[in-house]
Amino acid sequence: AGNLAAYIYRAQFGDDMSALSDFESNMKALIPHPVLEKKPPNEWKQLVKEEISRTKGTNSDKAKLAFLKIIHQWPTYGSVFFTVKQRSMKNYPKHVLFAVNVHGIMFLDVTSKNVIAKYEYSQIPNWAYDEQSFTLVVGDGPNATKIYMETNLGHNMDDIIMSYVAWMMNTHIQKRPSYAGVTVGESLC
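Counting in the UniProt record's numbering, the sequence shown runs from 1 upward without gaps.
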């Protein structure tokens with residue numbers, strides 16, 4: 001968190017260290033709230049100052065890029081989140097975050113934000129929704145599991161998943177070999 005806070009600081013203030021004098025008012029913009037509560041303000045200030053000095057000479061654009069290089073590795077990067085009430089998985093909490101991104105879908109604990117389970121699109125043969133629910137089928141054949149979720153945003157979840165699946169299909173089909181200069185199987189879903 002200190003490292004990311006330093007990059008956020010550099011992106012906003014560059015080499016101007018005067019904003020550190022009023023660190024407590026800037027602290028909430030630099031450090032995520034759940035993490036912020038783990039240390040007193042003076043410890044955060046010291047940690048962030050050390051990280052800022054370590055990033056000396058980093059301009060705003062380089063700080064933004066460094067920040068993105070770090071968070072881009074997180075499994076939830078680029079996700080759209082939905083809070084849902086799941087009704088079928090006994091080992092999941094009742095209320096979970098359902099996340100959708102380019103790699104697939106994830107279930108996260110609402111409180112800790114820890115990933116409970118994640119599935120690539122190749123593991124999801126089907127899904128359905130109605131006005132009050134969203135059902136996800138994971139796995140194939142006798143090992144398939146249906147995960148029922150209560151939500152009134154099923155249409156949004158469907159739209160996002162369909163968009164990613166269509167994009168992946170188009171990307172996969174366009175990479176197929178061509179013969180005599182003509183790409184075989186090109187599709188525009």
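Here a beta-carbon is modelled for each residue, glycine too, at the ideal position from N, C-alpha and C.
This one's a predicted model, so the numbers in the text were calculated from it and none came from an experiment.
In angstroms with no decimal places, state the Cα-to-Cα distance between Gln-123 and Gly-2. 37 Å
My understanding is that Lys-45 touches Phe-13, with C-beta atoms under 8 Å, so please give their C-beta distance in whole angstroms. Their Cβ separation, rounded to whole angstroms, is 14 Å, which puts Lys-45 and Phe-13 out of contact at 8 Å.
Just verifying my parser: in three-state terms, what is the DSSP assignment at Ile-124? coil
In the DSSP assignment, what are the bridge partners of Thr-135? Ala-128 and Tyr-148
What's the gap between the Cα of Phe-134 and the Cα of Pro-32? Between Phe-134 and Pro-32, the alpha-carbon positions lie close to 31 Å from each other.
With three or more C-beta pairs closer than 8 Å as the rule, is the region 145 to 162 touching the region 97 to 106? yes
For Trp-167, count neighbouring Cβ atoms within 10 angstroms of its own Cβ and tell me buried if that reaches 16, exposed if not. exposed
Classify Asp-15 as buried or exposed, calling it buried when 16 or more other Cβ atoms lie within 10 Å of its own Cβ. exposed
Is the beta carbon of Tyr-129 closer than 8 Å to that of Met-169? no
Output the distance between the C-alpha atoms of Phe-107 and Asn-126, rounded to the nearest integer angstrom. For Phe-107 and Asn-126, the distance between alpha carbons rounds to 17 Å.
In chain order, which beta strand (DSSP E) runs of at least 3 residues are fully inside the region 40 to 87? 80 to 86
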